[in-house]
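Trainee:
Residue numbers (our numbering): 129 to 327.
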């Protein structure tokens, strides 16, 4: 590369780097996070009278690196977005991801208030919606030795691999469960796109 070409190339690189930095700063800014939380509350959670809030999902993204969209898909599939009427008994126990009870000595279990017996099985119970969502964030980050965190590393999620472990490939209804995860992802992406968010 000649000296003249290098001189004209460097300013272009600086412009690209500056633009990328500006985009990252906008995405990481409190205003972006607040707008995302407000959108989730208004367009996705409130229609379900959910006790989950957009702030809880954004906090899990900040603290544990779990995409907001992936969280929405999972709680949508498991407890109808924490809907008190449609989500089942585990919503009352603030267990929005339908996490089975395996003791209080895990990073997510230490947030529990004990267990609840539902449909012949023990499940985690949490003292508040905040604790329940925080526990889900921790579980998705470090559960199964970090497996969930890897398959949920967007923008393309590996729902088949996720479901094979989270739901169980040999459990009846597996294919329907995976189809529902994919349908929920499409739906939430479209809602976000309509509201001006690029998910």
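Glycine is no exception: its CB is placed at the ideal position from the N, C-alpha and C atoms.
Just the Cα atoms here: how many angstroms apart are residue 156 and residue 248?
Mentor: Residue mapping note: residue 156 aligns to position 28 of the chain shown, counting from 1. Residue mapping note: residue 248 aligns to position 120 of the chain shown, counting from 1. Only weak support is given to the placement of residue 156: the predicted model assigns it a pLDDT of 46, under 50, and the value that follows is read from those uncertain coordinates. Computed Cα separation, rounded: 43 Å.
Trainee: Return the chain-ordered list of same chain residues with a C-beta closer than 7 Å to the C-beta of residue 207, the five sequence neighbours on each side being excluded.
Mentor: Position 79 of the chain shown, counted from the start, is the residue given in the question as residue 207. Closer than 7 Å at the Cβ level, and outside the excluded window around residue 207, lie 215, 216, 218, 219, 224 and 226.
Trainee: Mind checking residue 153: buried by the 16 CB within 10 Å criterion, or exposed?
Mentor: Against the chain shown, residue 153 aligns to sequence position 25. Because the pLDDT of residue 153 is 43, which lies under 50, any placement of that residue in the model is unreliable, and the question is left without a value.
Trainee: Quick one: give me the first and last residue of the alpha helix (DSSP H) that residue 191 is part of.
Mentor: Along the chain shown, one-based indexing puts residue 191 at 63. Per DSSP, residue 191 belongs to the alpha helix (DSSP H) from 182-192.
Trainee: What residue does the beta strand (DSSP E) around residue 236 start on, and which one ends it?
Mentor: Within the chain shown, the letter at position 108 stands for residue 236. It is not in any beta strand (DSSP E) - residue 236 carries neither H nor E in the DSSP assignment.
Trainee: Closest by CA to residue 316, which one among 300, 188, 203 and 268?
Mentor: Taking the first residue of the chain shown as position 1, residue 316 is located at position 188. Looking at the Cα atoms, 203 is the closest of the given residues.
Trainee: Provide the residue(s) that pair with residue 253 in DSSP beta bridges, ordered along the chain.
Mentor: Reading the chain shown from its first residue, position 125 is the one you call residue 253. Paired residue(s): 242.
Trainee: Measure the alpha-carbon distance for residue 168 versus residue 321 and round it to whole angstroms.
Mentor: In the chain shown, counting from the first residue as 1, residue 168 sits at position 40. In the chain shown, counting from the first residue as 1, residue 321 sits at position 193. C-alpha separation (whole angstroms): 12 Å.
Trainee: Please go through the same chain and pick out, in chain order, the residues whose beta-carbon is closer than 6 Å to the beta-carbon of residue 182, but skip the five residues on each side of it.
Mentor: Position 54 of the chain shown, counted from the start, is the residue given in the question as residue 182. Here the set comprises 165, 168 and 169.
Trainee: Indicate whether the contact test is met: 3 or more Cβ pairs, each with one atom in the segment 192-201 and one in the segment 252-268, closer than 8 Å.
Mentor: Touching, yes, given that three or more Cβ pairs across the two stretches are closer than 8 Å.
Trainee: Helix, strand or coil for residue 228 per DSSP?
Mentor: Locating residue 228 in the chain shown gives position 100, where the first residue counts as 1. Residue state, collapsed to three classes: strand.
Trainee: How many angstroms separate the CA atom of residue 329 from the CA atom of residue 292?
Mentor: Here the chain covers residues 129 to 327 and nothing more, so residue 329 does not appear.
Trainee: Among 294, 323 and 256, which has the Cα closest to the Cα of residue 205?
Mentor: Position 77 of the chain shown holds residue 205. Ranking the options by Cα distance to residue 205, first place goes to 294.
Trainee: Using alpha carbons as the reference points, say which of 325, 326, 238 and 286 lies closest to residue 309.
Mentor: Against the chain shown, residue 309 aligns to sequence position 181. It is 286.
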